[in-house]
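Asks: Right, I'll just put the structure down here and ask away after.
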Amino acid sequence: MKKLKLSMRARYFMEGYSFISLWLIGFLMFMAIPLGRSMYYSFHALKVSKDGLIATFVGMDHFRAAFTTDVNFLPLLKETMVSTLTQVPLILIFSLFCAILLNRGMIGKTFFRGVFFLPVIIASGAILSKLMDQGAANLPIFYNQNLYNKLSAFIPGDILETLLKSAESLTLVMWDSGVQILIFLAGLQTISISLYEAAKCDGATAWESFWKITFPMIMPMMLVNTLFSIVSSFTKADNQIMSHILNVVFKNNDFGYGSAMGWIYFVFIFLILGVVFLLFRKSLSATEGRK
Amino acid sequence: MLKEAASTVRPADMEPLSTRLRASGKLDRAAKRSFRVIHVAFYYLVILSLTFVFLYPLLYMVSKSMMQMQDVADATVQWIPKKLSFHNYSLAWNALNFWGGFANSAIISFGSAVLQILSCSLVGYGFARYRFPGYMMCFVLLLFTFLVPPQTIVVPLYLFFSDLGWINTHLPFVIPSLFGHGLKGALFVLIFVQFYRRMPNVLEEAARIDGAGPFRTYWRIMFPLAKPAMLIVFLFSVVWHWNDSFEPNTYLTTPDFYNLSQRLAMFYGTNNQAAETMSQMTSGSIGMAPTGLNQIMAGCILTILPILILYLFVQRHFVESVERSGIAGE
């Protein structure tokens, strides 16, 4: 076999391309072309006929319909956004707390760690929706102890109700935070102990060294976790928007409108992710400087 | 005089309580030890209660699935059924048509997982070790792939697969995995990128000097070293494919081809013979708990049992792998 005459540099580039070529082909087939086609569909009305799909151009009609005539879409979108924005911070706080708890030597370390990652396995898909149907997703503590009546003397009703509601959804938060605990735990392991020792010598309390050492060092994982939580909560199995889109597409066979809703949803998610990136930019550049 | 008094008071005020106690001799060794005991006890209390909350759904499922109808309705029975019965399991086993669903789920999740390990690792190595024109753009596209929600592209993909005649087969799950895509494929590529970036490249240089080509170097040297990352990708891929309901609901449309979690979702849903007869049997009695709760829970247990067993086996290695593979990024 005759070897191609290439300079060292060109050969190096070719090797790189050949490693990722598999992914690039996949990207074209399963991402780029479908994205383009769904963009095309969202501006067209599609009819299924014998010769395949017939597309007629309708302009922005689908997008207008989503915001004006569809009675389900906007409330569902709002509901999804609100639940994501309230749950993601809770997930982050809770999983960081758990990771710190798990990050110290103790009896039965392996057992506890195994249990804390269990939600990754149980709490997804069909199981979760079955459990929620049966009311098992709520911890019974808050009902059994008649907490509402006891506390309503001290706290105004409206505030108390939202408080209790978020306490109820705490179980859901806990079940969603398996992967996040994992990532935080791995992040905590990378912080060198000598930093804490130095801080201790300088007289820092545990509280201070958490805010001055652990928190800044864990910031990149915070970003990873925030992104992961947002993306996974938008694509969760019990997500109302997803089932709405599936209904429109496969029950009503309205491919164009389904694609348009998919795009609106995508744009909303992207906006939220953009805001997250802006918020994290400052603290991330601070950590970069420290390295 | 006043000045002197002030100076004697102030330092004591400013120092923390423990120092003052120690200075006054009140905090001797025994007290210190009891402080520590309380601290540790509190720590275990917190972690045990959290453990209970994490185990709660599992315990709930196990306990309810062992109960018979009278026990479910009986308010005095909380956790432990009066009479142990495995009858629910055999009922659920038949209603789920367990082996059929299991075979489908297993082919989808294990097939995709193995292919994703092979392809994502190869691509991840390329991203970790090579810089070429357009590298940044490819990497941004990789991140972009992770962020695109599947429902945005579900319509064209469905039409694409149905044109190829792949609906009601396993191909829509397996083929994208072969190309490093599929369910959360971009995330797995990123895990491998992180892992390979942290590896020293001395080994590769040695292999290259000994005359191995780039692919041989990758396949013989680097790939076998990536076991921690492989384990994580394998477990995540299996579990996520196993529990996913969006893609199966889209691509597997006839009940004969349903996987386990779809069958579970259909369990006690509509057009299910067993469910209808069961609900007729129970609807007559008053004060009944939700129909067939115990059987549904038995079905849940059966559905997750295979991955639960898998998890029990790899759990110990799994946690270690997470720490070693640099999944958290730098």
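Chains A and B supply the protein sequences, listed in that same order.
Count the first sequence with the working numbering and you get residues 1 to 291, in order.
Count the second sequence with the working numbering and you get residues 1 to 330, in order.
C-beta atoms are modelled at their ideal positions from N, C-alpha and C, and glycine is treated no differently.
Computed from a predicted structure; not experimentally measured.
Against chain B, which members of the stretch 192-207 of chain A pass a CB distance test of less than 7 Å?
Replies: Answer in chain order: no residues at all.
Asks: Given this structure, state the Cα-to-Cα distance separating glycine 292 of chain B from methionine 67 of chain B, to the nearest angstrom.
Replies: 11 Å
Asks: Which whole-angstrom value is the C-beta distance of isoleucine 108 of chain B and asparagine 259 of chain B, which I expect to be below 8 Å?
Replies: 6 Å
Asks: Going by C-alpha to C-alpha distance, which of A:Met174, A:Ile213 and A:Asp176 sits closest to leucine 188 of chain A?
Replies: When only C-alpha atoms are compared, the closest one is A:Ile213.
Asks: Mind listing the chain A neighbours of glycine 180 of chain B? Cutoff is C-beta to C-beta under 8 Å, in chain order.
Replies: Going along chain A in sequence order, the residues near glycine 180 of chain B (Cβ under 8 Å) are Leu22, Trp23 and Gly26.
Asks: Can a CB atom of chain B be found closer than 9 Å to the CB of leucine 118 of chain A?
Replies: yes
Asks: Could you check what DSSP says for isoleucine 121 of chain A in three-state terms: helix, strand or coil?
Replies: helix
Asks: Output yes if chain B places a C-beta closer than 9 Å to the C-beta of alanine 186 of chain A; else output no.
Replies: yes
Asks: Secondary structure at valine 48 of chain A, three-state DSSP: helix, strand or coil?
Replies: strand
Asks: Does the separation of the CB atoms of methionine 297 of chain B and lysine 64 of chain B fall below 9 Å?
Replies: yes
Asks: Alpha carbon to alpha carbon, what distance is there between alanine 186 of chain A and glycine 16 of chain A?
Replies: If I take the Cα positions, the gap works out to 29 Å.
Asks: List the endpoints of the continuous alpha helix (DSSP H) containing tryptophan 99 of chain B.
Replies: Annotation for tryptophan 99 of chain B: the continuous alpha helix (DSSP H) segment containing it runs 98-129.
Asks: Whose Cβ in chain B lies nearer than 8 Å to the Cβ of arginine 281 of chain A?
Replies: Those within 8 Å of arginine 281 of chain A in chain B number zero; the least Cβ separation is about 16 Å.
Asks: Measure from the alpha carbon of leucine 90 of chain A to the alpha carbon of each residue in A:Ile245, A:Cys201, A:Trp175 and A:Thr235, then state which is nearest.
Replies: By alpha-carbon distance to leucine 90 of chain A, the top candidate from A:Ile245, A:Cys201, A:Trp175 and A:Thr235 is A:Trp175.
Asks: Is phenylalanine 236 of chain B near phenylalanine 188 of chain B, with beta carbons less than 9 Å apart?
Replies: yes
Asks: Tell me the DSSP bridge mates of phenylalanine 35 of chain B?
Replies: According to DSSP, phenylalanine 35 of chain B bridges with nothing at all.
Asks: Quick check for students: name the residue ranges of the alpha helix (DSSP H) that lie wholly in the stretch 191-264 of chain A, counting only runs of 4 or more.
Replies: 193-201, 206-209, 219-234 and 240-246
Asks: Short of 7 Å Cβ to Cβ, which residues in the stretch 94-124 of chain B face chain A?
Replies: Ser119, Leu122 and Val123
Asks: Just to confirm, is the Cβ distance from serine 119 of chain B to leucine 24 of chain A under 9 Å?
Replies: No, Cβ-Cβ distance for serine 119 of chain B and leucine 24 of chain A is not below 9 Å.
Asks: Check whether the Cβ atoms of serine 90 of chain B and methionine 230 of chain B lie closer than 9 Å to each other.
Replies: no
Asks: Name the two residues that bound the continuous alpha helix (DSSP H) containing serine 21 of chain A.
Replies: 8-27
Asks: Could you say which of B:Ala92, B:Glu247, B:Val314 and B:Leu141 lies nearest to lysine 236 of chain A if we only look at CA atoms?
Replies: B:Glu247
Asks: Just confirm the distance between the C-beta atoms of histidine 62 of chain A and tyrosine 257 of chain A, as a whole number of angstroms; I'd bet it's less than 8 Å.
Replies: 5 Å
Asks: How would you label aspartate 331 of chain B, buried or exposed, when you count the other beta carbons within 10 angstroms and need 16 or more for buried?
Replies: Chain B is shown only over 1 to 330; residue 331 of chain B falls outside these bounds and no answer can be derived.
Asks: Based on DSSP bridge pairs, tell me the residues matched to threonine 56 of chain A.
Replies: A:Ala45
Asks: I want to see whether chain A comes within less than 9 Å of methionine 278 of chain B, judged by CB atoms only; does it?
Replies: Any reading at methionine 278 of chain B must be qualified, since the residue scores a pLDDT of 45, below 50, and its modelled position is unreliable; the value itself is stated next. False, the Cβ-Cβ gap to chain A never drops below 9 Å.
Asks: If the cut-off is 8 Å on Cβ atoms, which residues from the stretch 44-62 of chain B count as contacting chain A, listed in chain order?
Replies: Tyr44, Val46, Ile47, Leu50, Thr51, Val53, Phe54, Leu55, Tyr56, Pro57, Leu58, Tyr60 and Met61
Asks: Leaving out five residues before and five after phenylalanine 280 of chain A in sequence, what residues of the same chain have Cβ atoms less than 6 Å from its Cβ?
Replies: Excluding the 5 residues flanking it on each side, phenylalanine 280 of chain A has same chain C-beta neighbours closer than 6 Å at Leu223, in chain order.
Asks: Just the C-alpha distance for serine 177 of chain B and valine 71 of chain A, rounded to the nearest angstrom, thanks.
Replies: When the Cα atoms are used, serine 177 of chain B and valine 71 of chain A turn out to be separated by approximately 37 Å.
Asks: Does the beta carbon of phenylalanine 246 of chain B sit closer than 9 Å to a beta carbon anywhere in chain A?
Replies: yes
Asks: Does the beta-carbon of valine 202 of chain B have 16 or more other beta-carbons within 10 angstroms, so that it is buried, or is it exposed?
Replies: exposed
Asks: Should phenylalanine 52 of chain B be labelled buried (16 or more other beta-carbon atoms within 10 Å of its own) or exposed?
Replies: exposed
Asks: Return the Cβ separation of valine 314 of chain B and isoleucine 121 of chain A in integer angstroms, given the expectation that the two are a contact with Cβ distance under 8 Å.
Replies: The beta carbons of valine 314 of chain B and isoleucine 121 of chain A sit about 11 Å from each other, so the pair does not count as a contact at 8 Å.
Asks: Between the Cα of tryptophan 132 of chain B and the Cα atoms of A:Leu195, A:Phe73, A:Gly26 and A:Met14, which residue gives the shortest distance?
Replies: Here residue 132 of chain B is phenylalanine; the residue named in the question, tryptophan, does not match the sequence. Answer by Cα proximity: A:Met14.
Asks: Against glutamine 295 of chain B, what residues of chain A qualify as contacts under a CB-to-CB distance less than 9 Å, listed in chain order?
Replies: Within chain A, no residue comes near glutamine 295 of chain B; the closest Cβ sits about 11 Å away, beyond 9 Å.
Asks: By DSSP, does histidine 170 of chain B sit in helix, in strand, or in coil?
Replies: coil
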